[in-house]
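In the working numbering, the protein residues as written are 2 to 147. Idealized CB from N, CA, C, for every residue including glycine. Right, one structure below, let's go through it.
In structure tokens, the structure reads:
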């Protein structure tokens, strides 16, 4: 059931993810990514906010901020899984000679590489600030509109 806390959490995390994706794109101009990357991250951010942050916004501003940081972990892992899976399945033709068990391992390896690549200082600061603000905004929404 949609609540104000879930909606605010989803929108705030989507904005955080899109802004972090924009910062990532500006840092890595050699990578052929663009608007789809920002929209994909925004969608993953919305679901991370809705399910992780919206369900448990905390009982104070500090607890809300910590819930926002906890949701960032889900956002990073979720975005890594989505884009790692997109990379593996778009290049599935190159992996014909591999054992079928190696493809999920390649997916996990690609996910890890994407998460490590995304953890630059400017993207990390963007995510940190966005997560704190998202958590506090979600807590305030849960208190004002139950």
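By the Cβ neighbour-count rule, residue 33 is exposed, with fewer than 16 other Cβ atoms within 10 Å of its own.
When 4, 81, 139 are compared, the shortest CA-CA separation from residue 38 is found for 81.
Annotated as proximal: residue 89 and residue 108, with beta-carbon spacing under 7 angstroms. Rounded to whole angstroms, the Cβ separation of residue 49 and residue 79 is 6 angstroms, and the two are in contact under 8 angstroms. In this model, residue 87 and residue 144 are separated by some 39 angstroms (Cα to Cα).
In the structure shown, residue 146 falls within a coil segment according to DSSP collapsed to helix, strand and coil. Here residue 56 carries a coil assignment [DSSP, helix/strand/coil].
Counting the other Cβ atoms within 10 Å of the Cβ of residue 146 gives fewer than 16, which makes it exposed. Burial check for residue 25: the Cβ neighbour count within 10 Å reaches 16 or more, so the residue is buried.
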